[in-house]
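Enquirer: Sending over a structure as structure tokens; questions will come in a sec.
As structure tokens, then:
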């Protein structure tokens, strides 16, 4: 009596690549939307707090310039 290997998998794994692709796409889109919203909020002036967003952006810009050695 010989044992036969069964090639039948318990579930259909052919659906995994499209599902993973969809999850990856949704994750990237979500990350992009969060980034865009964050940048828009940084650039908006808030009432009563003048140039809050602009100060943060300028500070970040100066930090990047310092790290790269660029001094205008």
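In the working numbering, the protein residues as written are 29 to 100. Positions of the beta carbon are idealized from the N, C-alpha and C atoms, including for glycine.
How long is the line joining the alpha carbons of residue 51 and residue 71, rounded to whole angstroms?
Expert: Spanning the two alpha carbons is a distance of roughly 30 Å.
Enquirer: Measure the alpha-carbon distance for residue 69 versus residue 53 and round it to whole angstroms.
Expert: Their backbone Cα atoms lie some 24 Å apart in a straight line.
Enquirer: So, at 8 Å on beta carbons, what are the nonlocal neighbours of residue 67 in its own chain, with the 5 sequence-adjacent residues on each side left out?
Expert: Excluding positions up to five away in sequence, the list is empty.
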